[in-house]
Amino acid sequence: MLRRIRISLLIFLLLLAGCGRSNQDDEEVDAEGAPFRVAIVMPSSTTDIAWSQSMFDSLTAVQAEMGGEDALKIAYSEGMFRVTDASAAIRDYAAEGYDLVIAHGAQYGNSVFEVATDFTDTSFAWGTSSDTGADRGINNVFAYGAVANEGGYVNGVVAAMLSENDVIGVIGPVAGDAKLYIDGFVRGVTVVKPDAQVNISYTGSFSDTTLAAEAAHVHIQAGADVLTGSAQQVVGAIGVANENGVAWLGTQSDQISLGPDVVVTNQIYNWANVIADMIAKIEAGELGGTAYRLTFENDGLRLEFNESIEIDDAVKEAARAAIEDIKSGAVDPVLIEEDDE
Amino acid sequence: MNTRLFLAKLIDVLLPVLAMVIALLVGVLLLLLLGTDPFEAYSALIQGALGNVSGITQTLTKATPLLLVGLGICIAFRGGVINIGGEGQIVVGALAATAFGVGFGNLPALILLPLTLISGATAGLIWGGIPGLLKARLGVNEILTTVMMNQIALRLMNFLLRGPMLDPEHVAAGTSIPQSAALPESIWLTRLVPRTLFHSGAILAVLLALAVYFLLWRTTIGYRIRAVGLNPHASRYAGIPVPKYVTLSLALSGMLCGLAGAVEVLGVHHRMLEGLSGGYGFSGIVAALFGKLHPLGAIPASALFGALLVGADKMQRAVQVPSALAIALQGLVVLFVVSSDLYVRRRTRRRVGEDGSDGPPAAEGERREESEEERDPAQLARGEGGTIQAG
Amino acid sequence: MIDELFTISTLIGILHSCVRLATPYLFASLGETFGQRSGVLNLGVDGIMLMGAFFGFYVVFEGHNLWVGVLAAIAIGVMMGLLKAFVSVTMQSLQGISGIGLYLFGLGLSSLLFKTLIGSVEGVSGFRQLPIPLLADIPGIGHILFNHNALVYLAYLMVPASWFVINRTTLGLKIRAVGHNPEAADTLGVSVNGVRYTTLMIGGALAAVAGASLSIGLQNVFQENMTNGLGFIAVALVYFGSWRTVGVLGGALLFSLVNALQLWVQALDIPVPSEVAVMMPYIMTIVVLAFTARQIQRPAALARSYERGE
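Residue numbers (the numbering used here), protein chains in the order written: chain L, 10 to 350; chain F, 802 to 1192; chain X, -6 to 303.
Next comes the structure, spelled out in C-alpha cells:
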C-alpha cells in the first residue's frame, strides 16, 4: 500500500511537471522606463479596515499619484498569518526582482533580515519596527511604525469632551497589544477630565468580532457614552455603537462607512509619504537604513472628522489644539514615559 | 497478483489524484468568477510548488509539520478518538521548547537539543493527555475538550509572548514585538539547502513516521491501541484496559503535535512568535487522511498536501487573486478526495471476496468508523431508548 | 470595583449579555444536534455559518428586507447541508474530515464572494432591539429576556421547537432510530439516507441563520472569517449537551455566561488579569462537563456511514 501511494505521488508529480512547463517567461528587471515594482506581504486581508488595509490603501494612493500601473506596479500577498508562508512570499518576491518588498507585520522581522542578507540588491521594509539592522551591517532594510499614542491622545481628548457621563469604553484585542494607542488615549482623557473613568476590556483575540460587539454592549450598559477600540475585530463593536447611537472614535483605517452616524473621528495611518520617500531613496541608490515613524508632525497621522455629522466646534478646536501641542512638543502623549524607539 | 487485480489497484492509487484534479477543475469556476485565466493560475500553482528548487524546498518545509501532526492524527484515529486539538498542542509544544531552549541556553548543544525537543513533546503530551484522561475517566468528549484547549493554548501564547517570555532585548528597546528571545544558534536544526528554510527536521519527521509504523503494527502497545480503536467492547472482554489506551492514544497524538511545534521553532523560526502554526492542526488532519491514516502513507500525503498549500500561495502571487481562493480550493480538494474513497472501499470489498487478501487500509479506515460505537453497552441500552421513553 | 459586580444592575447586565451572546451558539448547536442525532458529525458548521452570514448580509446590503436576508441565509444553508450530505451520506466519506473540507470551502468562498461582490467592509441597518410589550416592563427579567432583537427570540424559540421535532414527531422518531441503529431502522422501512439528508439540511439552515444572526442581527457588518471559529465551539456544545436540546441550551448559556462575566469583570476594572479572564469560558466549559459528563448517551451510529447490505 505504501508503494501505491508512492507511485501515485510520482505519477502526480510527472503529470504536474509535464503541464507546468509553459509559464517561464521571466519578467524584465529594471529596464529604463519600466515601472517601479513593489510587493507587500500582509498578515490579514486588504479589506480588514485596520492595519493591513491602511498600508494597502496608501500604496494604491501612491500609485495613483505616480501615474498608475505604468509607474508603480503593486503585487500583494494577503492572509499571510503563518510566518513560514510570509517568509516564502518575501523570498519569492525578492527572487523575482521586485525593487521593494514590504513585510507588513512585526512578526516578519526574522524573515526579512534572513532574506535581506541573501538579496543585498533588493530593498526591504518592515513594520511595526524601528530596527533596520544597520547595527548588524545590514543596509537594505527600512523600518516603519506609527506613533499611535499621538492619535490616541487626540482621540482621548475628543472622547473626554464628548462624554457626558464621564465614562468611556476601550475595546482592545490582546492585553499588551495596541498599548501605544490605548496609553495615549487614556492620557488624553485624563488631561481633559482627570476624574473620568476609562474602562478597558480585551477580547483576547484580534478577530473575535462577536466578543468585541458584546464588549461594546457591556461598556454601554456600564454607562459609557464614547467608545474606541483597535484591530480588525472592532467592526462588530462599531455596528453596536451605531445601533445604540454611542460615539465611536476610530483608528488605523477610515471606519466612517461602518457607523456613518456615530463615528466622530478617525486616526488614519497615512503611509503614502513613507512609501514615496522609500521609493525616492531606492531610485537614488539608497536601499535602507531609515526608520520611519508616522506622526502628526510629518503628516503620517491624520485626524479626520466625520463631515456628515454635526460636531461641536469646541471639540474640533480642542482636537486641533491637541495636535498642535503634540507637534510642538508641548504635550507628551504617553502616560508614563516616552517610548524609546 | 493477476493483471486485473493490478489494474484495479492502480486505479485505487490514481483515484485521490484524480479527485484532486476534478476538484481543481471545479475550481476553474471560481477562477472564472474572478476573471482569471485558469490555465495561467494552475500552471503557477504547479510550477510554484514543484517547478524549481525554491518551490520544492518550500513544499518540503511545509510538509514537515504536516507530517508530524499527521502522524499524531493517525495514532488518535487508530485508537478510535478524534484529535482536533493539534493546533493547541503545536502551540504549547513550541512554547515549552522555546522556554527550555532559551532558559537553559548555556548547556552544551548535544544535551540541550534533545532536551528542547523533549520539552516540546512533553508539553504536547500533557495538552493531548488531558483530553485523553478526561475522556477515559470521566467520559468527557474529546472533540469538546480539544476544541476548547486550542483556544486556551492560543490565549496562553498571547499572554506569554507579551509578558514572561517577551524577548528582553525588545523590552529594553521598547519595541515590544510579541516574540521570545532567540534560541542559541548551536541547537538550530541544520538547513539542508542553503538560502531556504528546508531543515533537518524533515528527516526527523520521516524517521518518526517509521517509528510510529513500528509502534502501531509491531508492538503490543500499538496492537492494543488499534484493538481499542476497532472495537472497545471486545477489547475490554479481551482484558485490555480500555481507558488507559484511550488516554495513551490522545497523549501520543498530542506528543507528536507538540514535537511539530518544537521542530518549527528549532528549524524555521529559531524563536517563538505569533503565527507559528496558524492552521497546521487542521491541515495535519487532512494530510493524515490523504495518507489513509497510515503513518507511512502520511509521508507522501503530507508532501502532496504541502505542495498544494505552497502552490496555492504562489498562485495568489502570480495571478494576484485573493488568498480566500486558495482556501476555497483546499476545501474542494478535501471534499473530493474524501469522497473518492468510496470507490476504493467498494472495490476492495469485492476483491477481498475474490482473492481473500488482507483488506488494505481503506477498509481499515471504514472499520475504524464503525468502532465509533458506544463504549459502555449498559449505557447503550439505557441510551436512546431511554430518551424515547422519557420524551 | 469588586462590589460593583454584585449590584443588581450589573447582574442584570451580565445576564442580558449572556442571553444575547448565546444566540449564534444556540442556532448552530441545535442544528448540529439534528445531524448528530441521526448519526452524522458535521465539523463544517463554521463554514456554513460564514456562508449564511455573507448571503444574509449581501441581500440586506442590496436593499432587501431583513427577513429576505434570513431566507437567503436559510437557502444557502440548505445547499451547504446538501453538499455535506452528498459527501458524507451518499459518498460515505470520513465525516470528521469532510467537515473540515466543508469548513475550508465555506471560509474561502464566503471571503471570495465578499471581495468580489462588496469589496470593502460596510455596515447595514440590521435587526433592531424589539422590546416585547408588557413583558419587557417586568423589572429585571424584562430587560434580561425580553429586550432583544427578533433573531435572539427566534434562537430561543428554536429550543422547544427542536425538542418537539426530535421527541414528538414521526420525523424525530426516525431521526433517533437512524442515529441509534440504522440497520434496524432500514429494516422497518425508514430511509436512512433520506433522514440524514433531511437532518443535514435542517442543520445547515440553522447554522446559516446563526451566521446571519451575527451579520444582520448582532453586528450588522460582514468581515472575512467573522465567525472566528465560533462554529467549532458550537459543535463542542452539542457534546456538552449530550445531544439533548435542553442540554445544548444549558451549554450555550453557560459558555455565554462566563464570557459575559469576564467582559463585565474587565469593564468594571476588577483586578483580574485579562489574560486569565479571556481563558475562563473555555476552562469553565471543560470543568463543568467533567463534573457532569457521566450521563452521556451518544447516538450509537454517530460518525458511521451506512450502506445497505446486499
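Even for Gly, the Cβ is constructed at its ideal location relative to N, Cα and C.
Under a criterion of Cβ atoms nearer than 9 Å, the residues of chain L adjacent to residue 855/F are, in order, 97, 100, 101, 104.
Taking each of 253/X, 230/X, 252/X, 219/X in turn and checking the Cα distance to residue 41/X, the smallest one comes out for 219/X. Taking the C-beta atoms as reference points, residue 1068/F is found nearer than 7 Å to residue 990/F. In the three-state DSSP reduction, residue 236/X falls in the coil class, being neither helix nor strand.
Collapsing the DSSP output to three states places residue 1063/F in a helix. It is roughly 47 Å from the alpha-carbon of residue 290/L to the alpha-carbon of residue 915/F.
Within chain L, the C-beta atoms nearer than 8 Å to that of residue 1121/F come from 84, 85, in chain order. With its beta carbon at least 7 Å from every one in chain L, residue 1109/F lies outside the interface. DSSP lists 85/L, 111/L as the beta-bridge partner residues of residue 49/L. Between residue 123/X and residue 139/X, the C-beta gap is not smaller than 7 Å, which leaves the two residues out of contact.
For residue 17/X, the residues of chain L that pass the 9 Å Cβ criterion are 219, in the order they occur in the chain. Inclusion of residue 922/F and residue 1050/F in the CB contact set at 7 Å is not warranted, their separation being larger than that value. Residue pairing from DSSP places residue 142/X in a beta bridge opposite 122/X.
The region 162 to 199 of chain L contains, as complete beta strand (DSSP E) runs of 3+ residues, the segments 176 to 181 (chain order). Closer than 7 Å to the CB of residue 165/L there is not a single CB belonging to chain F. With respect to the 7 Å criterion, residue 117/X and residue 38/X are not classified as neighbours on the basis of their beta carbons. A check of alpha carbon separations from residue 1129/F across 7/X, 93/X, 27/X, 80/X identifies 93/X as the nearest. When 228/L, 179/L, 229/L, 214/L are compared, the shortest CA-CA separation from residue 241/L is found for 214/L.
Taking 7 Å as the cut-off, the beta carbon of residue 850/F is found no closer than this to the beta carbon of residue 1122/F. Cβ contact annotation for residue 67/L (same chain, cutoff 7 Å, sequence separation greater than five): 279, 280, 281, 284, in chain order. Rounded to the nearest angstrom, the Cβ distance from residue 237/L to residue 260/L is 7 Å, consistent with a contact under 8 Å. With its beta carbon at least 7 Å from every one in chain X, residue 902/F lies outside the interface. With respect to residue 185/L, residue 228/L sits apart: the two C-beta atoms are not nearer than 7 Å.
Residue environment analysis places residue 107/X among the buried positions, since at least 16 neighbouring C-beta atoms fall within 10 angstroms of its C-beta. Around residue 229/X, the beta-carbon contacts reaching into chain F at under 7 Å are 944, 945, 948, 949. Within the same chain, 854, 855, 858, 859, 862 come within 8 Å of residue 997/F by CB-CB distance, once the 5 residues on both sides are set aside. Note that the C-beta distance between residue 1126/F and residue 105/X is below 7 Å.
Under the three-state reduction of DSSP output, residue 311/L falls in the strand class. Taken through DSSP and simplified to helix, strand or coil, residue 134/L comes out as strand.
At a cut-off of 7 Å, the C-beta of residue 960/F has a neighbouring C-beta in chain X. Straight-line spacing of the CA atoms in residue 954/F and residue 927/F works out to 12 Å.
Chain F places no beta carbon closer than 7 Å to that of residue 238/L, leaving this residue out of the contacts. Cβ contact annotation for residue 224/L (same chain, cutoff 7 Å, sequence separation greater than five): 180, 210, 212, 246, in chain order. For residue 55/X, no Cβ of chain F is located within less than 7 Å of the residue's own Cβ.
For the 7 Å CB-CB criterion, residue 1087/F and residue 1135/F form a contact. In this structure residue 959/F is buried. Its beta-carbon is surrounded by 16 or more other beta-carbon atoms within 10 angstroms.
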